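*Asks:* Going line by line, the protein sequences match chains W and G.
If you use our numbering, the first sequence corresponds to residues 98 to 344, in order.
If you use our numbering, the second sequence corresponds to residues 209 to 821, in order.
Each residue gets a CB set at the ideal place from its N, CA and C atoms; glycine is no exception.
All values derive from a computational prediction rather than experimental measurement.
Sending over a structure as structure tokens; questions will come in a sec.
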Amino acid sequence: MSKLQIKFIRGEEVKYVSHLDIMKVFERAARRARLPLAYSRGYNPRPQIVFGLPLSVGVTSEAELAEFEIEGEMNPDLFCKLLNNQLPGGFRIVEAVEIESKDNIMSRIKTASYVVLFLCREELEEVKNKVRSMMGRPEIIVEKFSKKGTKEVDIKPLIHKLEIAKYQSNAKDCSSNSWIREYVEKNIEGFINNTDFRKDDLYLMNMLVSAGNVSNLNPSLVIKALSELEGLPVLQVKIHRTGLYTT
Amino acid sequence: MAVNLSDAILESVEKPSRYTGNEWNSIEKNPDNIDIRFAFCFPDTYEVGMSHLGMRILYHLLNERPDIYCERVFAPWVDMEQKMRENNIPLFTLETKDPVKDFDFVGFTLQYEMSYTNILNMLDLAGIPLLSSDRQEGQPIVCAGGPCAVNPEPLADFIDFFVIGEGEEVTFEVLDVYKKCKREHAARHEFLKRIAGLEGIYVPSLYTAEYNEDGTFKKLTPKAGGVPGKIRKRIIKDLEKVYYPEKIVVPYTGIVHDRITLELFRGCIRGCRFCQAGFIYRPVREKSAQKLLDISKKLEESTGYEEISLASLSTSDYTEFKKLSEELLNEMESRKVDLSLPSLRVDSFSLDLMEKTQKVRKSGLTFAPEAGTQRLRDVINKGVTEEDLLNSVRLAFAGGWGSVKLYFMIGLPSENEEDIEGIAKLGEMVVQEYSKTPKDVRNKKLNVTISTSSFVPKPFTPFQWEPQDSIDELRRKQRYLNNRIKSRYITYNWHDPELSFLEAVFARGDRRTGQVLLKAWEKGCKFDSWSERFSFDKWMEAFSECGIDPAFYANRKRSDDEVFPWDHIDLGVARRFLLNENKKAWKGQTTPNCRVNCSGCGAAVFNGGICFE
Chain W
98 MSKLQIKFIR
108 GEEVKYVSHL
118 DIMKVFERAA
128 RRARLPLAYS
138 RGYNPRPQIV
148 FGLPLSVGVT
158 SEAELAEFEI
168 EGEMNPDLFC
178 KLLNNQLPGG
188 FRIVEAVEIE
198 SKDNIMSRIK
208 TASYVVLFLC
218 REELEEVKNK
228 VRSMMGRPEI
238 IVEKFSKKGT
248 KEVDIKPLIH
258 KLEIAKYQSN
268 AKDCSSNSWI
278 REYVEKNIEG
288 FINNTDFRKD
298 DLYLMNMLVS
308 AGNVSNLNPS
318 LVIKALSELE
328 GLPVLQVKIH
338 RTGLYTT
Chain G
209 MAVNLSDAIL
219 ESVEKPSRYT
229 GNEWNSIEKN
239 PDNIDIRFAF
249 CFPDTYEVGM
259 SHLGMRILYH
269 LLNERPDIYC
279 ERVFAPWVDM
289 EQKMRENNIP
299 LFTLETKDPV
309 KDFDFVGFTL
319 QYEMSYTNIL
329 NMLDLAGIPL
339 LSSDRQEGQP
349 IVCAGGPCAV
359 NPEPLADFID
369 FFVIGEGEEV
379 TFEVLDVYKK
389 CKREHAARHE
399 FLKRIAGLEG
409 IYVPSLYTAE
419 YNEDGTFKKL
429 TPKAGGVPGK
439 IRKRIIKDLE
449 KVYYPEKIVV
459 PYTGIVHDRI
469 TLELFRGCIR
479 GCRFCQAGFI
489 YRPVREKSAQ
499 KLLDISKKLE
509 ESTGYEEISL
519 ASLSTSDYTE
529 FKKLSEELLN
539 EMESRKVDLS
549 LPSLRVDSFS
559 LDLMEKTQKV
569 RKSGLTFAPE
579 AGTQRLRDVI
589 NKGVTEEDLL
599 NSVRLAFAGG
609 WGSVKLYFMI
619 GLPSENEEDI
629 EGIAKLGEMV
639 VQEYSKTPKD
649 VRNKKLNVTI
659 STSSFVPKPF
669 TPFQWEPQDS
679 IDELRRKQRY
689 LNNRIKSRYI
699 TYNWHDPELS
709 FLEAVFARGD
719 RRTGQVLLKA
729 WEKGCKFDSW
739 SERFSFDKWM
749 EAFSECGIDP
759 AFYANRKRSD
769 DEVFPWDHID
779 LGVARRFLLN
789 ENKKAWKGQT
799 TPNCRVNCSG
809 CGAAVFNGGI
819 CFE
């Protein structure tokens with residue numbers, strides 16, 4: 098028995114597939130690939146696949162993590178190749194490694210990085226001021242909706258890093274994420290069509306936030322805080338996950 | 209050009225992956241290299257439509273041809289429809305997201321009457337004129353097929369042509385004529401006229417319907433020479449050789465039947481007199497167990513599905529059932545695939561099989577006695593006796609099953625209070641069988657569920673002459689039964705009769721009822737089979753505004769020689785056979801099943817299947 102950890106992307110084509118359904122996608126792909134998955138014991142054997150962190154519907158990612166338990170040993174590159182052949186377009190494994198850890202990946206993840214694309218008509222300096230003002234608060238309280246109801250949470254301790262920049266199609270800094278660029282080129286005209294915004298109003302926010310089963314922050318709450326607490330009128334366009342980290 | 213489906217729209221609707229396609233095994237083709245684009249439409253949600261076997265078959269079959277691109281379309285749920293209308297997004301296909309209005313063909317499958325308003329709604333969303341007489345050159349040809357097409361008349365004004373019977377062969381014949389017409393720049397009506405000559409094709413606009421003074425149907429006359437007076441259904445003679453996909457689309461989002469489905473046979477030997485499926489798919493034709501095993505292996509490999517189910521009308525009647533189930537179980541166990549069984553005739557073999565497939569959880573067993581007394585079961589030709597049922601539940605209880613579901617129909621012809629009381633009594637007897645089962649073997653919990661649906665008389669059944677009970681009468685019978693059920697172990701479920709009443713109208717409707725569909729749709733009726741969307745009041749308003757009395761269609765007893773609006777459709781099974789069955793029903797005489805004795809129903813005209821075994 099061994100454990101393989103994979104890093105995979107979830108592209109635009111499949112960003113509306115829910116977390117639960119993604120697990121099915123990988124399970125069925127692994128079955129088609131005839132990979133030697135290890136199954137749980139008992140009356141209803143399940144393949145032992147664990148996913149790092151659920152991704153909200155509509156969010157793309159270039160760095161999802163999952164772990165597969167397999168019978169015996171298998172070359173990670175071969176595993177990666179066979180599974181990739183059976184994955185629907187939009188999902189692709191970019192890396193596979195054998196790992197030793199006893200804890201599963203879900204419990205090891207501590208932080209996640211995202212880039213959020215949004216529209217705002219204010220000047221860059223003004224936006225930066227508002228972000229600074231927000232981060233200067235002793236606490237950042239926002240309302241969080243869940244199935245159990247609404248509650249107020251302080252998201253300040255969950256934000257570890259926040260950078261803001263105007264979107265530039267040819268920049269080399271934090272505004273250069275290729276996923277975002279491709280998205281903007283393909284979709285932004287359609288998106289701003291029914292709004293008062295122009296392409297020049299696009300901003301990017303890069304952030305590193307808490308993630309995992311202990312404390313987790315959905316990046317859209319940061320946007321929400323910015324607009325509600327600082328009175329900055331923004332329209333969120335897209336969220337993209339750039340990394341999951343165990344530290 | 210693909211429609212502009214923005215993220216803002218998709219993020220605002222329930223289950224957006226219903227609309228995005230890109231599933232495993234879905235077909236990608238370059239539309240530029242295609243001669244014929246076919247939009248296959250299922251008039252219900254993605255989850256319902258994707259579960260439908262016929263669509264799976266035809267989608268992959270049509271796409272086998274390099275010159276045809278068949279794409280899928282489902283009815284957008286009301287939230288998505290609203291967004292589409294607000295943003296001027298026309299109905300589009302899942303594959304290319306191209307507007308359906310730019311396709312050569314738009315084909316609907318007719319699985320239940322209460323999906324008809326969704327057809328109108330989808331045409332409207334597509335920007336295609338609802339009435340076939342309003343469609344112009346360059347607009348899609350709208351066709352329909354499936355079980356409800358055996359009485360196509362309520363939809364006659366909206367559909368350019370119907371496919372009667374099984375579609376695997378005739379669809380290609382139609383498309384080939386279309387290609388030829390396209391080359392010759394033949395007009396739309398010319399194409400329709402040409403395909404009207406193909407067996408199994410009905411072009412309603414080429415016929416005139418006439419009515420008698422009393423409102424009954426008089427006759428349907430072809431408007432021109434060369435248009436056939438009778439349309440005989442198509443069947444696939446040899447099911448062993450017919451195409452069956454080796455790949456099927458694996459959806460992302462859970463659908464109603466999210467598994468591999470094996471079609472064991474078509475038709476049914478039984479001849480239960482209320483059951484339309486038992487007559488319209490005749491004759492019975494089987495696939496061999498070996499063929500089915502081959503198919504199941506290939507499908508398992510191409511889909512990665514973890515479950516496989518057997519589909520047919522009365523699966524226990526499959527002649528190689530034992531061989532198939534045992535080998536399938538064997539083969540699939542090593543692949544970690546579960547076998548899911550339909551409701552089977554209960555005997556020691558099937559119980560053993562269920563034990564093996566269900567492993568730990570003994571979920572409910574289902575029985576369908578359909579009627580509460582032997583007298584009425586003889587009337588409907590349901591070949592099940594009280595003793596059969598009790599033997600079965602005795603075996604089941606001894607095997608540790610504790611949950612039993614019993615299905616009945618109320619409102620069957622000749623039904624009286626004794627028959628209804630009989631339902632309660634049967635339930636009681638099942639409870640008693642449980643009490644008699646030794647405590648150490650039986651399940652700790654007993655749960656008997658009695659469900660009743662309301663009888664809907666259907667065309668091409670021996671009961672096509674019979675009236676449906678009024679809604680009040682059906683309600684009265686439900687109350688009566690509810691009062692007769694005393695045991696605390698029995699739960700009683702019933703269906704609202706309003707929906708059954710409308711089904712009865714459109715199942716036996718004529719062309720005039722099409723106006724009501726249109727009116728009801730204008731009033732906002734759609735997704736009528738979804739109880740939260742169903743508005744009976746709007747339907748009643750639609751009837752009254754059209755000056756059409758629904759009771760005339762649903763609740764009227766027809767005379768033996770009344771001409772029916774569907775008499776031009778020839779399914780092989782002869783009208784005189786059905787009438788004879790009707791007479792036998794009223795005398796309480798049963799008819800043996802096809803395997804015991806041929807009753808000469810007429811299906812032998814197809815020169816195939818069980819009639820020649």
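What does Tyr-201(G) pair with, by DSSP beta-bridge criteria?
*Replies:* Outside the modelled stretch of chain G, which goes from 209 to 821, sits residue 201(G), for which no answer is possible.
*Asks:* Taking any Cβ of chain W, which residues in the stretch 511–544 of chain G have a Cβ under 9 Å from it, in chain order?
*Replies:* Residues Thr-511, Gly-512, Tyr-513, Glu-514, Arg-543, Lys-544.
*Asks:* What is the DSSP secondary structure of Leu-353(W), reduced to helix, strand or coil?
*Replies:* Any question about residue 353(W) goes unanswered here, given that chain W covers just 98 to 344.
*Asks:* Taking only beta-carbon positions, decide if Leu-414(G) is within less than 8 Å of chain W.
*Replies:* For this step, residue 414(G) is matched to residue 206 along the second sequence. Output row for Leu-414(G): interface = no.
*Asks:* Can the beta-carbon of Leu-152(W) be found closer than 8 Å to that of Leu-214(W)?
*Replies:* Residue mapping note: residue 152(W) aligns to position 55 of the first sequence, counting from 1. Residue mapping note: residue 214(W) aligns to position 117 of the first sequence, counting from 1. Taking 8 Å as the Cβ cut-off, Leu-152(W) and Leu-214(W) do not qualify as a contacting pair.
*Asks:* Can you find a CB in chain G that lies within less than 8 Å of the CB of Ala-160(W)?
*Replies:* For the purposes of this step, residue 160(W) is identified with residue 63 of the first sequence, where counting begins at 1. No, because no Cβ of chain G sits closer than 8 Å to the Cβ of Ala-160(W).
*Asks:* What are the boundary residues of the alpha helix (DSSP H) that includes Thr-523(G)?
*Replies:* For the purposes of this step, residue 523(G) is taken as the residue at position 315 of the second sequence. Premise fails: Thr-523(G) is in no alpha helix (DSSP H) and is neither H nor E.
*Asks:* Let me know if Gln-640(G) comes out buried or exposed under the rule of 16 or more other beta-carbons within 10 Å of its beta-carbon.
*Replies:* Numbered from its first residue, the second sequence carries residue 640(G) at position 432. Classification for Gln-640(G): exposed.
*Asks:* Within a Cβ cutoff of 7 Å, which residues of the same chain sit near Arg-683(G), ignoring the five residues on either side of it in sequence?
*Replies:* As a first step, residue 683(G) is located in the second sequence; it is residue number 475 there, counting from the start. So the qualifying residues of the chain are Pro-705.
*Asks:* Return the residues of the stretch 460–485 of chain G that lie within a Cβ-Cβ distance of less than 7 Å from chain W, sorted by chain order.
*Replies:* Within the stretch 460–485 of chain G, the residues whose Cβ lies closer than 7 Å to some Cβ of chain W are Tyr-460, Thr-461, listed in chain order.
*Asks:* Report the three-state DSSP secondary structure of Tyr-688(G) (helix, strand or coil).
*Replies:* As a position in the second sequence, residue 688(G) is number 480, starting the count at 1. In this structure, Tyr-688(G) counts as helix in the three-state DSSP scheme.
*Asks:* Do you know how far the Cα of Gly-373(G) is from the Cα of Pro-355(G)?
*Replies:* For this step, residue 355(G) is matched to residue 147 along the second sequence. For this step, residue 373(G) is matched to residue 165 along the second sequence. Looking at the two C-alpha atoms, the distance is approximately 8 Å.
*Asks:* List the residues of chain W that Met-458(G) touches, going by C-beta distances under 7 Å, in chain order.
*Replies:* By 1-based counting over the second sequence, the position of residue 458(G) is 250. According to the sequence shown, residue 458(G) is Val rather than Met. Arg-125, listed in chain order.
*Asks:* Classify Gly-717(G) as buried or exposed, calling it buried when 16 or more other Cβ atoms lie within 10 Å of its own Cβ.
*Replies:* The count along the second sequence starts at 1 and reaches residue 717(G) at position 509. So Gly-717(G) ends up on the buried side.
*Asks:* Given that Leu-218(G) touches chain W, what residues does it touch there, using C-beta distances under 8 Å?
*Replies:* Translated into the one-based positions of the second sequence, residue 218(G) becomes position 10. Residues of chain W passing the Cβ test: Tyr-113, Gly-155.
*Asks:* Thinking just about the alpha-carbon of each residue, which of Ala-811(G), Asn-805(G), Lys-795(G), Lys-401(G) is nearest to the one in Arg-783(G)?
*Replies:* As a position in the second sequence, residue 783(G) is number 575, starting the count at 1. For the residues Ala-811(G), Asn-805(G), Lys-795(G), Lys-401(G), the minimum Cα distance to Arg-783(G) belongs to Ala-811(G).
*Asks:* Give the C-beta separation of Ile-477(G) and Glu-376(G) to the nearest angstrom, bearing in mind that I take them to be a contact with Cβ-Cβ under 8 Å.
*Replies:* Translated into the one-based positions of the second sequence, residue 477(G) becomes position 269. Translated into the one-based positions of the second sequence, residue 376(G) becomes position 168. Between Glu-376(G) and Ile-477(G) the Cβ distance is about 22 Å, and since that is not below 8 Å, they are no contact.
*Asks:* May I ask you to report which of helix, strand or coil DSSP gives Glu-249(W)?
*Replies:* Reading the first sequence from its first residue, position 152 is the one you call residue 249(W). If DSSP states are grouped into helix, strand and coil, Glu-249(W) belongs with the strands.
*Asks:* For the alpha helix (DSSP H) containing Gly-287(W), list its first residue and its last residue.
*Replies:* For this step, residue 287(W) is matched to residue 190 along the first sequence. Its alpha helix (DSSP H) spans residues 275–289.
*Asks:* Can you check DSSP and say which residues form a bridge with Thr-161(G)?
*Replies:* Nothing about residue 161(G) can be reported from this structure: the residues present for chain G run from 209 to 821 only.
*Asks:* What is the DSSP secondary structure of Pro-577(G), counted as helix, strand or coil?
*Replies:* On the second sequence, residue 577(G) is found 369 positions in, with the first residue counted as 1. Here Pro-577(G) sits in strand by DSSP.
*Asks:* Chain G beta carbons: is any one of them nearer than 8 Å to that of Lys-335(W)?
*Replies:* Against the first sequence, residue 335(W) aligns to sequence position 238. It does; some Cβ of chain G falls within 8 Å.
*Asks:* Check whether the Cβ of Arg-189(W) lies closer than 8 Å to any Cβ atom in chain G.
*Replies:* Counting from one through the first sequence, the residue named residue 189(W) turns up at place 92. Output row for Arg-189(W): interface = no.
*Asks:* According to a CB-to-CB cut-off of less than 8 Å, which residues of the stretch 292–321 of chain W neighbour chain G?
*Replies:* Cβ contacts with chain G come from no residue of the stretch 292–321 of chain W.
*Asks:* Shortest alpha-carbon distance to Phe-473(G) belongs to which of Cys-480(G), Arg-493(G), Arg-467(G), Val-457(G)?
*Replies:* Counting from 1 along the second sequence, the entry for residue 473(G) is found at position 265. Comparing Cα-Cα distances from Phe-473(G) to each of Cys-480(G), Arg-493(G), Arg-467(G), Val-457(G), the minimum goes to Arg-493(G).
*Asks:* Along chain W, in chain order, which residues have C-beta atoms closer than 8 Å to that of Asp-215(G)?
*Replies:* On the second sequence, residue 215(G) is found 7 positions in, with the first residue counted as 1. Those within 8 Å of Asp-215(G) in chain W are Gly-155, Asn-284, Phe-288, Val-334, Lys-335.
*Asks:* Rounded to whole angstroms, what's the CA-CA distance from Val-568(G) to Lys-544(G)? Just pull it up for me.
*Replies:* Against the second sequence, residue 568(G) aligns to sequence position 360. Against the second sequence, residue 544(G) aligns to sequence position 336. Model confidence at Val-568(G) stands at a pLDDT of 46, short of 50, so the residue's coordinates are unreliable and nothing is read from them.
*Asks:* Going along chain W, which residues have a C-beta under 8 Å from Pro-453(G)?
*Replies:* Here residue 453(G) refers to the residue found at position 245 when the second sequence is read from its first residue. Here the premise fails: no neighbours, minimum Cβ distance about 16 Å.
*Asks:* Where does Val-568(G) sit, in a helix, a strand or coil, going by DSSP?
*Replies:* Residue numbering aside, residue 568(G) sits at position 360 when the second sequence is read from its first letter. Residue placement at Val-568(G) cannot be trusted, given a pLDDT of 46 that sits under 50; what the coordinates show is reported in the next sentence. In the structure shown, Val-568(G) sits in coil (DSSP, three-state: anything other than H, G, I, E or B).
*Asks:* Given a limit of 7 Å on CB to CB distance, which residues of the stretch 231–249 of chain G reach chain W?
*Replies:* Flagged, chain order: Glu-231, Trp-232.
*Asks:* Look at the Cβ atom of Phe-575(G), then the Cβ atom of Leu-597(G), and state whether they are nearer than 8 Å.
*Replies:* Within the second sequence, residue 575(G) is the residue found at index 367, counting from 1. Within the second sequence, residue 597(G) is the residue found at index 389, counting from 1. Yes.
*Asks:* Hey, Glu-164(W) and Asn-201(W) are a contact pair by Cβ (cut 8 Å); roughly how many whole angstroms apart?
*Replies:* Residue mapping note: residue 164(W) aligns to position 67 of the first sequence, counting from 1. Residue mapping note: residue 201(W) aligns to position 104 of the first sequence, counting from 1. 6 Å between Cβ atoms; contact.
*Asks:* Where Leu-302(G) and Gly-229(G) are concerned, what is the direct C-alpha to C-alpha distance, given to the nearest angstrom?
*Replies:* Here residue 302(G) refers to the residue found at position 94 when the second sequence is read from its first residue. Here residue 229(G) refers to the residue found at position 21 when the second sequence is read from its first residue. Roughly 5 Å separates the two Cα atoms.
*Asks:* Rounded to whole angstroms, what's the CA-CA distance from Ile-277(W) to His-337(W)? Just pull it up for me.
*Replies:* Residue numbering aside, residue 277(W) sits at position 180 when the first sequence is read from its first letter. Residue numbering aside, residue 337(W) sits at position 240 when the first sequence is read from its first letter. Cα to Cα, the separation comes out at about 8 Å.
*Asks:* Determine the burial state of Lys-223(G): buried for a count of at least 16 other Cβ atoms within 10 Å of its Cβ, exposed for fewer.
*Replies:* For the purposes of this step, residue 223(G) is identified with residue 15 of the second sequence, where counting begins at 1. Classification for Lys-223(G): buried.
*Asks:* Could you pull the DSSP bridge partners for Met-302(W) from this structure?
*Replies:* Translated into the one-based positions of the first sequence, residue 302(W) becomes position 205. Met-302(W) is bridged to Val-213(W), Ile-261(W).
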